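Be aware that the sequence shown starts at 155, since it is given in my numbering, and climbs by one per residue. Remarks on the structure that follows.
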Amino acid sequence: MIDEGNKKQPLLTSLVELSGLGSSTASTEPDMQRNLTAFRQDLATGGTEFNKLHDTYFRLQNVWGFGTWEWDIKTWRFTVFNSQLWRALGYSAEEIEAIDTVEHAMSFVHENDHPLLAKVLEQHRKDSSVLLEQSYRMRCKNGTYRWTHLLAQTLRNSDNKIVYMSGVNYDITNEKYAEQSLRENQSLFQRILKSSNDGIWEWSLRDGRLSFSQGCWRLLGFNVEDIEMGLRRHRLWRARVHPLDRSEFDLALTLPMESGGEIDVEYRIKNIHDEWMWIRSRGDVIYDENGAIEYLSGANIDITELKRAQERLTSAKSLAEQANKAKSEFLSNMSHELRTPMNAIIGFTQLFDYADNVTEEQRENISEINRAGHKLLDLINDVLELSKIEAGKLLCSLEPVAVAALIEDVFVQSQHVAELKDVSLSFEPHHLTSVYVRADQNALRQAVTNLIDFCVLSCRIGGRIIVSLATTTNDYLVVSVRDNGRGISKSEQDMMFEPFGHRVGDEQVDQGSGIGLAISKSLVELMSGNLLFDSEEGVGTCFQIQLPLIKHELTITEQSDYIPKAVALGEDFSVNNDLFVGKCFLYIEDNSANIAVLEQYFSQFNGLQFEVADESITGLFKARNTAPDIIILDINMPGIDGYEVLTILRSDLSTESIPVIALSANAARDDIQRALDAGFTDYITKPVDVEQLTMVVNSLVH
155 MIDEGNKKQP
165 LLTSLVELSG
175 LGSSTASTEP
185 DMQRNLTAFR
195 QDLATGGTEF
205 NKLHDTYFRL
215 QNVWGFGTWE
225 WDIKTWRFTV
235 FNSQLWRALG
245 YSAEEIEAID
255 TVEHAMSFVH
265 ENDHPLLAKV
275 LEQHRKDSSV
285 LLEQSYRMRC
295 KNGTYRWTHL
305 LAQTLRNSDN
315 KIVYMSGVNY
325 DITNEKYAEQ
335 SLRENQSLFQ
345 RILKSSNDGI
355 WEWSLRDGRL
365 SFSQGCWRLL
375 GFNVEDIEMG
385 LRRHRLWRAR
395 VHPLDRSEFD
405 LALTLPMESG
415 GEIDVEYRIK
425 NIHDEWMWIR
435 SRGDVIYDEN
445 GAIEYLSGAN
455 IDITELKRAQ
465 ERLTSAKSLA
475 EQANKAKSEF
485 LSNMSHELRT
495 PMNAIIGFTQ
505 LFDYADNVTE
515 EQRENISEIN
525 RAGHKLLDLI
535 NDVLELSKIE
545 AGKLLCSLEP
555 VAVAALIEDV
565 FVQSQHVAEL
575 KDVSLSFEPH
585 HLTSVYVRAD
595 QNALRQAVTN
605 LIDFCVLSCR
615 IGGRIIVSLA
625 TTTNDYLVVS
635 VRDNGRGISK
645 SEQDMMFEPF
655 GHRVGDEQVD
665 QGSGIGLAIS
675 KSLVELMSGN
685 LLFDSEEGVG
695 TCFQIQLPLI
705 KHELTITEQS
715 DYIPKAVALG
725 EDFSVNNDLF
735 VGKCFLYIED
745 NSANIAVLEQ
755 YFSQFNGLQF
765 EVADESITGL
775 FKARNTAPDI
785 IILDINMPGI
795 DGYEVLTILR
805 SDLSTESIPV
815 IALSANAARD
825 DIQRALDAGF
835 TDYITKPVDV
845 EQLTMVVNSL
855 VH
């Protein structure tokens, strides 16, 4: 039996209330007495209900985040039960048991939340139908706070005064944090929407409702009051879409409904002023828990200015391409126009080399004219080459190249320039005489030549230039070109590879064109290589070309195929007046000065028949009737040009096998390659180097 005066009676009462034996949240004392009588009867008959209540009580104390308490207002006794909530707050069983007054219990509540509890308690005191619940913060032992939610019941006496209260608290900290995060995100979203010029939309597939934010219509210049609300919004928006863009607009919205995926469409739409503007709609599909598409949501962005900028950019690009094309055509035409008179100047100066009645002083003067002509010719070539590179029209044909052989060939060409300044050239291949790199043979030759020429001009009289080969650990071949010249100051080194930018002191180093280094760097990079340099003023400069090595073994045929042509010839050539006895050459050319140069030059060869035709038709007639051994053909003939003449010659059985040498002032690589691809046997640029022409002709007729 339980003594009614036992101090645990309030606990039994609260358990009765919490277990449901008391059905009212604001019970009276007679109700309590009846419930207690029923409870005692249960104990007397075996205590089945008591045991259930006991088990429920202990389970409740160990539920995570839950804590129970009771308050006997008549005795002012406050009891906190040793539950998981208080243990989670960090308090021991002794500290929990020590809480015996409501004032002590309230000391664990955040001071800012005291008014909230007082308010809800006062409301419940006045009206028992008001639910006694409130969320507030409780202090942990470490001084931090966690959020809990209170649910309580009260017992009233016959005077309707509260005499007893019991309740449960449970931890809602995570929910509060989630709620706070949601509020912050909503606030952030609202601020973004308010400050953004973009419009947000959402299309519900459940009811077909399309929701527009005010920003969508603001994009078009409308106030939201100007637009009718409801389902017609989509129709109103679509009606303003440009007729040519509507099908794409519809497809962009309907396709994701059928197959999912993103929405991304650009279209024109008429604004409030009946002006066309560009909108980009981007969005995505949202699925429900069953994997079905529930919403389409996204944003509208005004891209009118972007589209206008693109139009301006496209227009500017088109103008730039036209200007670049005009520049290329101008340079090509200028190259041709400059080469034509240069052919006469250099050609006639070459003829004096074979004259016996020229004094030494006259010969020196003529030689100076010849050198000046070649320097101008180099400038023409370099400007044309750089223009091709800048226009992206210069293509490199990468193939295995024997580097050592190529450098020896370059030395032959550069030796004369070096000797003029008494500069020595030496090549140190070390053990790499047979290595190959993947490069364009002509581009690599030009790059190395330009570097050597720069070093020659940078050296003082009696200087030295060393070209050497080495390899790197990442399978690159390094071609080093080093001089002991003036060097480049630190302030000038940033301009080394800029056209006309490199200088030594107050002197222009590259006295030729001023763009040789810029061309070399561009050519090396076109071959997937690097061109580096290091220079110290007063000590010298070192350039390094780095190109990928070919590691596999090449066949004998491959090796011979890629030896530079000039080196493969490998012979010292000298003019012999009896070289062309019994031979017939036909020269088709419309320029009288060019004709005069070659006529005078070839007149020194005994037994040579040298025919000339100043028109294409005349040239074809002579080719059929004289059966020449060689035809030298100017490509830029008026009327029927050189390519048409070649086609006719190759289609005639009597002339199809005659070697035809192209002669042209067009010196660009693609011009040369085009001629060779068309079927010309060889290609020589104007101004004509008569010794080179003689070597080519000799190789073809013997």
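Ideal Cβ positions, reconstructed from N, Cα and C, are used throughout, including at glycine. None of the values given here were measured: they were computed from a predicted structure.
Please report the distance separating the alpha-carbon of GLU753 from that of ASN524. So the alpha carbons of these two residues sit roughly 19 Å apart.
Less than 8 Å between the CB atoms is what I'm expecting for LEU373 and ILE433, so what's the real figure, rounded? That pair is a contact at about 7 Å.
From the DSSP output, in three-state form, read off PRO397 for me. Three-state DSSP puts PRO397 in a helix.
For GLY585, count neighbouring C-beta atoms within 10 Å of its own C-beta (all shown protein chains included) and say buried if the count is 16 or more, exposed if not. One point to set straight first is that residue 585 is His, not Gly, in the sequence displayed. Classified as exposed, HIS585 has fewer than 16 neighbouring CB atoms from the shown chains inside 10 Å of its CB.
Do LYS776 and LEU807 have their C-beta atoms closer together than 7 Å? It is not a contact, given that the beta carbons lie outside the stated cut-off.
Just grab the DSSP bridge partners of GLN700 for me. Paired residue(s): VAL632 and ASN684.
Hey, would you say GLY437 sits closer than 7 Å to GLY452, going by beta carbons? Taking a C-beta distance under 7 Å as the contact criterion, GLY437 and GLY452 qualify as a contact pair.
At what residues does the alpha helix (DSSP H) containing PHE775 begin and finish? Its alpha helix (DSSP H) spans residues 770–780.
Applying the criterion that 16 or more other CB atoms from any shown protein chain within 10 Å of the CB defines a buried residue, is LEU686 buried or exposed? Exposed, because fewer than 16 other Cβ atoms sit within 10 Å of the Cβ of LEU686.
DSSP beta-bridge partners of MET431: According to DSSP, MET431 bridges with ILE423.
Run the CB neighbour count on LEU398, radius 10 Å, all protein chains shown included, and call it buried at 16 or more, exposed below. With fewer than 16 Cβ atoms within 10 Å of its Cβ, LEU398 is classed as exposed.
With H, G and I counted as helix, E and B as strand and the rest as coil, what does DSSP make of ARG293? Strand at ARG293.
Measure the CB-CB distance between SER689 and ILE642 and report whether it falls below 7 Å. Between SER689 and ILE642, the C-beta spacing is below 7 Å.
Are at least three pairs of beta-carbons, each pair with one atom in the stretch 407–426 and one in the stretch 314–322, less than 8 Å apart? With a cut-off of 8 Å, the stretch 314–322 and the stretch 407–426 do not count as touching, because too few Cβ pairs lie within range.
Rounded to a whole number of angstroms, what is the C-alpha to C-alpha distance between ALA558 and PRO583? Rounded to the nearest angstrom, the two C-alpha atoms are 7 Å apart.
For ARG310, count the other beta carbons within 10 Å of its own beta carbon; 16 or more makes it buried, fewer makes it exposed. Which is it? Buried.
Looking only at C-alpha atoms, which of VAL602, THR626 and LEU701 sits nearest to VAL635? Closest by alpha carbon: VAL602.
Would PRO702 pass as a contact of TYR590 if the rule is Cβ separation under 7 Å? No.
Beta-ladder partner(s) of VAL322, from DSSP: DSSP output for VAL322 lists THR222 and LEU305 as bridge partner(s).
Ordered along the chain, which non-local residues of its own chain (more than five positions away) have a Cβ less than 7 Å from that of MET292? Cβ neighbours of MET292 beyond the five flanking positions: LEU243, PHE262, VAL263, TYR299, ARG300 and THR302.
Excluding five sequence neighbours on each side, which residues of the same chain lie with their C-beta closer than 8 Å to the C-beta of LYS315? The answer is none, since no qualifying residue turns up.
Mapping DSSP to helix, strand and coil, what is ARG623? For the record, residue 623 in the displayed sequence is Leu; it is not Arg. Note: LEU623 maps to strand in three-state DSSP.
Determine the direct distance from the alpha carbon of GLU402 to that of LEU800, and round the result to whole angstroms. Answer to the nearest angstrom: the Cα atoms are 54 Å apart.
Counting only the same chain and skipping the five closest in sequence on each side, list residues whose C-beta sits under 7 Å from that of LYS161. Interpretation of LYS161 is limited by its pLDDT of 36, a score under 50 that renders its predicted location unreliable; the figure taken from the coordinates is listed afterwards. Result list for LYS161: empty, nothing under 7 Å.
How far does the beta strand (DSSP E) with PRO269 in it reach, from first residue to last? Note, PRO269: premise wrong, no beta strand (DSSP E); alpha helix (DSSP H) at 268–280.
Span of the alpha helix (DSSP H), counted from its first residue to its last, around ASN311: Note, ASN311: premise wrong, no alpha helix (DSSP H); not H, not E.
Which word fits THR503, buried or exposed, when buried means at least 16 other C-beta atoms lie within 10 angstroms of its C-beta? Buried.
Tell me whether GLU712 is buried or exposed, calling it buried when 16 or more other Cβ atoms sit within 10 Å of its Cβ. Note that GLU712 scores 49 on pLDDT, short of 50, meaning its location in the model is unreliable; the coordinates nonetheless yield the value given after this. Answer is exposed; the Cβ neighbour count stays below 16.
Distance CB(ASP507)-CB(CYS550) smaller than 7 Å: Cβ distance not < 7 Å, so ASP507 and CYS550 don't count as in contact.
Mind checking if GLY736 is an interface residue toward chain C, Cβ cutoff 7 Å exclusive? Reference to chain C is not applicable here, since this structure consists of a single protein chain.
Kindly confirm or deny that the stretch 669–678 and the stretch 638–652 touch, where touching means at least three C-beta pairs closer than 8 Å. Taking a cut-off of 8 Å on C-beta distances, the stretch 669–678 touches the stretch 638–652, as three or more cross pairs fall below it.
Within its chain, find whatever has a CB closer than 6 Å to the CB of ALA821; leave out the 5 residues flanking it on each side and keep chain order. Within the same chain, ALA821 has close Cβ partners ASN535 and THR839.
Starting from the Cα of SER237, find the closest Cα among ASP226, THR222 and THR780 and give me that residue. Nearest Cα to SER237 within the set ASP226, THR222 and THR780: THR222.
Go ahead and pull the three-state DSSP assignment for ILE354. Note: ILE354 maps to strand in three-state DSSP.
Taking Cβ positions, are ASP267 and TYR290 nearer each other than 7 Å? Using a Cβ distance threshold of 7 Å, ASP267 and TYR290 count as a contacting pair.
Runs of beta strand (DSSP E) lying entirely within the stretch 428–485, each at least 3 residues, in chain order: Entirely contained in the stretch 428–485, the beta strand (DSSP E) runs reaching 3 residues are, in chain order, 430–441 and 447–456.
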